[in-house]
Amino acid sequence: MTTIGRVYKLTTDGCDKCYVGSTKSPYVSIRMAHHRERHRKGRQNYYGLFQNGDPNIEILEEIEYQKGDDWILRKAEQKWTSLNRDNCINRRRCYVSPSVKRKERDERIKKYHQSEKGKLALRKAAINHRLKQTDKPVTGLKRSNLQDELEKINIRQAELRNEKLSSCEVCDEEPPVFPPDLHQDQSV
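As structure tokens, then:
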């Protein structure tokens, strides 16, 4: 079964910004209603696109693809977002290839393991593993010392969780101003 998806661009007169999106809804007006509602309720900042009422919606590309292959639509949306990169208000990438995802994940994990939180988590896991080994049980003073170290790690982890950070130490990005939203409309 095939699905028809559309990549669209929202623009308005007097504003150089644009928003590139995609929908698999049979009517683009349904997706536009979702944007209108998010703007009206203050859930998304459209950087002036709604300042003169509803923005203009331009269909950039129509794509026919097999049901379940939504990545094809996302990839096309990413292409158009990249082409409009200079004035596009989109905050997140809509498509990332599996190899790039894997590479970025590995880099985040490496960076996390090098951070204080990561080092504490690795040490805590090693201590817990050692304490739970049944073939070489830890007893006496050694067990007591490991449990004391675990308690110190737990306290430090709680302190780190409670700290108010202005940015994420893993990705060095500012926390989002708006709550995360569903990228794609849920109709169809």
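Residues 2 to 189 (the working numbering) are what the sequence shown spells out, left to right. Every residue gets a Cβ at the ideal spot worked out from N, C-alpha and C, and that includes glycine.
| Query | Result |
| --- | --- |
| Delimiting residues of the alpha helix (DSSP H) encompassing Gln67 | Note, Gln67: premise wrong, no alpha helix (DSSP H); beta strand (DSSP E) at Asn57 to Gln67. |
| Simplified DSSP state of Ser98, which is helix, strand or coil | coil |
| Any 3 or more C-beta pairs closer than 8 Å across the region 86–99 and the region 17–28 | yes |
| Opening and closing residue of the beta strand (DSSP E) in which Asp17 lies | Cys16 to Thr24 |
| Cβ neighbour criterion (16 or more within 10 Å) applied to Thr140 | exposed |
| C-alpha distance - Ala126 paired with Lys133, whole-angstrom precision | 11 Å |
| Residue span of the beta strand (DSSP E) that contains Leu11, given as start and end | Thr3 to Thr13 |
| With 16 other Cβ atoms within 10 Å as the buried cut-off, status of Lys10 | buried |
| Range of the contiguous alpha helix (DSSP H) that encloses Gln158 | Gly141 to Asn163 |
| Supposed contact pair Thr3 and Tyr66 - C-beta distance, whole angstroms, cut 8 Å | 7 Å |
| Exposed unless 16 or more other CB atoms sit within 10 angstroms - verdict on Ser145 | exposed |
| Boundaries of the alpha helix (DSSP H) in which Ser276 is found, first to last residue | Since the first residue shown for the chain is 2 and the last is 189, residue 276 is missing from the structure and cannot be characterised. |
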